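For reference, the structure discussed in these notes is given below.
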Amino acid sequence: MESLSCVLLAIAISLLIIKFLNYPHRRKNLPPGPRPWPLIGNLNLLGHHPHQSLHKLSKTYGKLMHLRLGSSSVVVASSPDMAREFLRTHDRIFASRPPSVAGKLINNNYHNVLWAPYGDQWIQGRKIYHNEVFSPKRLDSSEYIRVQEMHIFLSRLHVLSGNPMVLKGHFLSMNLSVINRIVLGRKYFNESKDEKEIMTLEEFQEMLDEFFLLNGVTNVGDWMPWMGFMDLQGYVKRMKALFKRFDRFNEHVLEDHRKRMRAEGEDFVAKDVVDVLLKLADDPNLQVKLNSEDVKGLTQDLIIGSTNTTTTTMEWAMSELIKKPHLIEKATEELDRVIGKTMRLLMANMLQGFNWKLPENMRAEDVDMEELYGLGTRRKFPLVIVAEPRLRDHMYN
Numbered sequence: 001m002e003s004l005s006c007v008l009l010a011i012a013i014s015l016l017i018i019k020f021l022n023y024p025h026r027r028k029n030l031p032p033g034p035r036p037w038p039l040i041g042n043l044n045l046l047g048h049h050p051h052q053s054l055h056k057l058s059k060t061y062g063k064l065m066h067l068r069l070g071s072s073s074v075v076v077a078s079s080p081d082m083a084r085e086f087l088r089t090h091d092r093i094f095a096s097r098p099p100s101v102a103g104k105l106i107n108n109n110y111h112n113v114l115w116a117p118y119g120d121q122w123i124q125g126r127k128i129y130h131n132e133v134f135s136p137k138r139l140d141s142s143e144y145i146r147v148q149e150m151h152i153f154l155s156r157l158h159v160l161s162g163n164p165m166v167l168k169g170h171f172l173s174m175n176l177s178v179i180n181r182i183v184l185g186r187k188y189f190n191e192s193k194d195e196k197e198i199m200t201l202e203e204f205q206e207m208l209d210e211f212f213l214l215n216g217v218t219n220v221g222d223w224m225p226w227m228g229f230m231d232l233q234g235y236v237k238r239m240k241a242l243f244k245r246f247d248r249f250n251e252h253v254l255e256d257h258r259k260r261m262r263a264e265g266e267d268f269v270a271k272d273v274v275d276v277l278l279k280l281a282d283d284p285n286l287q288v289k290l291n292s293e294d295v296k297g298l299t300q301d302l303i304i305g306s307t308n309t310t311t312t313t314m315e316w317a318m319s320e321l322i323k324k325p326h327l328i329e330k331a332t333e334e335l336d337r338v339i340g341k342t343m344r345l346l347m348a349n350m351l352q353g354f355n356w357k358l359p360e361n362m363r364a365e366d367v368d369m370e371e372l373y374g375l376g377t378r379r380k381f382p383l384v385i386v387a388e389p390r391l392r393d394h395m396y397n
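Just so it is clear: in the sequence shown, position 374 is 374 by UniProt numbering, and no numbers are missing.
Below, the structure is given as structure tokens:
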């Protein structure tokens, strides 16, 4: 019986290949690109670092090329002028992301801005962000939070000065503290054993890293839907597990806010972004009514987009500077000359407040710059670095 099943499977695959090879592939008006393999197309060319693979292919096929990824036809833009055509000139046409398992399973079934298709829901989400989150009034009212967390960040670096530290964790703690206080009203994570929140900073970091990885992976089921049910890479299982963790957290936050709304009744005043979103959910004049999943999705977008992206960018920036010490000196001199000792921007704070060096017995050329691909391309190995204070001690308190 097993032998018969294998034979039937082999025949079915052979027929699919023959059908593919005999199918009249029309390349009318398509850019140049590599010849696809049967069934998988050009998926074999993406490798572990698709962005690097696409760059290499563009050297051969030009700034606009065509790939066949499984059953999908893809056009890749690899130059600033081509990207401008897609992202600015024809932005409405290309505003939607293609449907994916990640969009469905770990992005609240497209109830957000990150994965929602272009339409009324997406437009409304953008308007809410513009009017209620990133308005000058909202940003001004939360400036004290950024200042407080910046001081805590600098003080923490000062305490750890002279010892090797993993910089990523400190960036993440500061960024997550800022955005959670603005969006959620408080941190909602523990940094010490004395705090009693729903999760630790390490657990939050693990969830964010997994989110960025799973949103950027090449999931075979997205490109070859007829194989999706097999979950050959195990990504679907991981996505379902991650969604449960995020949903537990989001439900906890929403219920926390709803309790205060019920307790205060008509005297309720919105103090953070979640409060604003919950009030909007009761607004009958909204073009698209907000439900709990929308509130979760919009909130999750803000937290994820404001933490890992900034953390990754800052870690890469410090990695580049530490490999080229003369650039640190030049940047520090420029900051001293232009803005003096007024600590404002994160990089200015770090370069003005500290001298930076690698741990003992480690040279600049030893810094590993290997990447880990995902929705955001982060360092595969966290940067370990040593800070030495440049200012008087009282300036770090």
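Backbone N, C-alpha and C define an ideal beta-carbon position, used for all residues, glycine too. Small disclaimer: the values here were computed from a predicted structure and weren't measured.
Answer yes or no: do residue i and residue j have a C-beta to C-beta separation smaller than 8 Å?
i, j, result
"Glu197", "Lys187", "yes"
"Asn349", "Ser155", "no"
"Asn42", "Arg84", "no"
"Val220", "Leu232", "yes"
"Met65", "Pro32", "yes"
"Asn190", "Ser306", "no"
"Ser58", "Trp223", "no"
"Leu280", "Met261", "no"
"Met318", "Leu208", "no"
In chain order, what residues of the same chain have a beta carbon less than 6 Å from the beta carbon of residue i, not counting five sequence neighbours either side?
i, result
"Glu255", "none"
"Thr377", "Glu371"
"Lys296", "Asn108 and Asn250"
"Lys323", "Ala364 and Val367"
"Leu321", "Leu327 and Ile328"
"Tyr61", "Pro32 and Gly33"
"His111", "Glu293, Asp294 and Gly297"
Excluding the five sequence neighbours on either side, which residues of its own chain have a C-beta within less than 8 Å of the C-beta of residue i, listed in chain order?
i, result
"Gln124", "Leu286, Gln287 and Val288"
"Pro50", "Thr218 and Tyr373"
"residue 398", "Lying outside 1 to 397, the shown extent of the chain, residue 398 is not represented and no answer is given."
So if DSSP puts residue i in a beta bridge, which residue, or which two residues, is it bridged to?
i, result
"Phe354", "Pro389"
"Glu371", "Arg379"
"Val384", "Val166"
"Thr200", "Asn190"
For residue i, collect the residues of the same chain with a Cβ closer than 7 Å to its Cβ; drop the 5 residues on either side in sequence, then sort them by chain order.
i, result
"Asp272", "Ile182, Val183, Leu184 and Gly185"
"Val276", "Glu132 and Ala270"
"Ser14", "Low confidence applies here, because Ser14 scores a pLDDT of 48, under 50, leaving its location unreliable; read the following figure in that light. Same-chain partners within the cutoff: there are none."
"Ser142", "Ile182"
"Thr332", "Leu351 and Gln352"
Taking only three categories from DSSP, how would you classify residue i?
i, result
"Pro24", "Because Pro24 sits at a pLDDT of 48, beneath the cut-off of 50, its placement in the model cannot be relied upon, and the point is left open."
"Asn285", "coil"
"Asn219", "coil"
"Asn190", "strand"
"Pro99", "coil"
"Val178", "helix"
"Ile106", "coil"
"Arg238", "helix"
"Phe246", "helix"
"Glu360", "coil"
"Met395", "helix"
"Glu195", "coil"
"Gly265", "helix"
"Gly305", "helix"
In the stretch 119–166, which residue ranges form an unbroken beta strand (DSSP E) of at least 3 residues, counting only runs that do not cross its ends? 164–166
Considering only residues of the stretch 32–94, which uninterrupted alpha helix (DSSP H) runs meet the minimum length of 4 residues and lie entirely inside it, listed in chain order? 50–61 and 80–84
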